[in-house]
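Just so you know, we're using our numbering here: the sequence shown kicks off at 187 and counts up by one.
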Amino acid sequence: MLIAASVVQAAPAPRAPQDVSLIELIANPSRFDGKLVRVTGYLVREFEGDAIYLHRDDYDHAIRRNGLWVTFGKESPDLRCKTLRYASVQGRFNAKDRGHLGLWSGAIEGIASCAVSR
């Protein structure tokens with residue numbers, strides 16, 4: 187008599203995002219390319235300019251290389267994430283996507299989490 191055993195494999199747990207600074211992402215883009223990251227910076231939501239910057243001054247003076255292009259996912263909290271505020275965002279880093287006209291130093295795509303600092 188032959189008895190069949192079934193093996194049930196659990197789906198791998200989703201990986202937690204890696205907390206990194208914008209400086210790390212800008213300085214070492216290939217190290218983080220394709221990885222889930224969480225960063226804090228000055229968030230701007232505007233036409234052809236959704237981005238997160240190191241500092242407000244970088245936005246005020248259009249120093250786009252000190253920022254990353256951001257895109258929000260379909261299920262994202264985009265209406266709750268206010269613009270012109272310091273915020274933490276979580277998404278997948280893409281070193282090759284440099285946003286509108288290629289002006290930024292990379293992109294954080296499919297943002298699934300956004301928390302505005304007080």
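The beta carbon of each residue, even a glycine, is placed where N, CA and C say it ideally should be.
Keep in mind that this is a model prediction, so the values were computed, not measured.
For this session: Closer than 8 Å by C-beta to residue 257: which residues in its own chain qualify, once you throw out the five before and the five after it? Chain order, please.
Result: In the sequence shown, residue 257 corresponds to position 71, counting from 1. Here the set comprises 236, 277, 293, 294, 295, 296 and 297.
For this session: Taking the CB atoms as reference points, tell me whether residue 251 and residue 289 lie closer together than 9 Å.
Result: The count along the sequence shown starts at 1 and reaches residue 251 at position 65. The count along the sequence shown starts at 1 and reaches residue 289 at position 103. In contact: residue 251 and residue 289 (Cβ atoms closer than 9 Å).
For this session: Could you check the C-alpha separation between residue 233 and residue 248 for me, to the nearest Å?
Result: Mapped onto the sequence shown, residue 233 falls at position 47. Mapped onto the sequence shown, residue 248 falls at position 62. Residue 233 and residue 248: Cα-Cα distance of roughly 14 Å.
Exercise. What three-state label does DSSP hand residue 233 in the structure shown?
Worked result: Here the question's residue 233 lines up with position 47 in the sequence shown. Residue 233: coil per DSSP, three-state reduction.
Exercise. Based on Cα-Cα distance, which residue from 287, 238, 201 and 291 lies nearest to residue 301?
Worked result: Taking the first residue of the sequence shown as position 1, residue 301 is located at position 115. Of 287, 238, 201 and 291, the residue nearest in Cα terms is 238.
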